[in-house]
Amino acid sequence: MRCPRCQDNNTKVIDSRPVEENTSIRRRRLCTQCDFRFTTFERVEKMPLLVIKRDGTREEFSKEKLLRGLVRSCEKRPIALETLEEVVKNIESEIRQKGQNEVPSTLIGEMVMDILPKIDEVAYIRYASVYRHFEDPTVFLQEIEQLKQMQKNNAEGQTNLDLEANNAEEDQS
Numbered sequence: 001m002r003c004p005r006c007q008d009n010n011t012k013v014i015d016s017r018p019v020e021e022n023t024s025i026r027r028r029r030l031c032t033q034c035d036f037r038f039t040t041f042e043r044v045e046k047m048p049l050l051v052i053k054r055d056g057t058r059e060e061f062s063k064e065k066l067l068r069g070l071v072r073s074c075e076k077r078p079i080a081l082e083t084l085e086e087v088v089k090n091i092e093s094e095i096r097q098k099g100q101n102e103v104p105s106t107l108i109g110e111m112v113m114d115i116l117p118k119i120d121e122v123a124y125i126r127y128a129s130v131y132r133h134f135e136d137p138t139v140f141l142q143e144i145e146q147l148k149q150m151q152k153n154n155a156e157g158q159t160n161l162d163l164e165a166n167n168a169e170e171d172q173s
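Okay, here's the thing in structure tokens:
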């Protein structure tokens, strides 16, 4: 590594530690020529992730664009920005784990649609109205009914899990 002060190529690493959730390595270096200390970072180069839009055009995946859409859906709702940033991080991570360089925008939209009801129902309806191009109030009502059904199914599923747990405890007694 070249010294930023004297441009000499002889430097040595004096400290090395993982940072950014073990995705980078921070190294403290010392120039053997001028004794200048400096820091470098080593990261894995991520392949660009392309989003295939509905019209067939491609653009680079933008965490910022996804976050803006989520923030817009959650305006005036009691949702912390950190929660939305975590959603974006999880979506990007899940997409990258699939190992594909191109992903349809519809997949990203559906991933958001799966997560948002667990965070905030109003934000879910707002996002759905833009994502699914609602043009008629009846479509809003249909989406709300679907949301209610999802909540009911989740509640019944939890009740069944609770009953199974209680039955298992009684069987052990």
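Start counting the sequence shown at 1; every next residue gets the next number (UniProt numbering).
Idealized CB from N, CA, C, for every residue including glycine.
Name the one or two DSSP bridge partners that residue i has.
i	result
Ser-16	Arg-27
Leu-141	BP columns for Leu-141 are empty, so no partner.
Phe-36	Note: Phe-36 sits in no beta bridge, so no partner.
Glu-59	Val-51
Does residue i come out as helix, strand or coil in the three-state DSSP assignment?
i	result
Val-44	coil
Arg-2	coil
Thr-83	helix
Glu-21	coil
If you draw a straight line from the C-alpha of residue i to the C-alpha of residue j, how long is it?
i	j	result
Ala-80	Tyr-124	15 Å
Arg-96	Leu-49	8 Å
Lys-53	Met-111	15 Å
Ile-115	Ile-91	10 Å
Glu-86	Cys-6	42 Å
Among the residues of its own chain, which have a CB less than 8 Å from the CB of residue i, if the five just before and after it don't count?
i	result
Thr-39	Arg-26, Arg-27, Arg-28, Arg-29
Glu-94	Met-111
Within a Cβ cutoff of 6 Å, which residues of the same chain sit near residue i, ignoring the five residues on either side of it in sequence?
i	result
Ala-128	Glu-143
Arg-37	Leu-30
Lys-89	none
Glu-102	Leu-50, Ile-52
If we define contact as Cβ-Cβ less than 7 Å, is residue i a contact residue for chain D?
i	result
Phe-38	Within the model displayed, chain D is absent; a lone protein chain is all it includes.
Spatial neighbours of residue i within its chain, please: C-beta separation below 7 Å, excluding the five flanking residues on both sides.
i	result
Leu-84	Leu-67, Leu-70, Val-71, Cys-74
Arg-77	Asp-120, Val-122, Ala-123
Phe-132	The amino acid occupying residue 132 in the given sequence is Arg; Phe does not appear at that position. Nothing listed; no residue qualifies.
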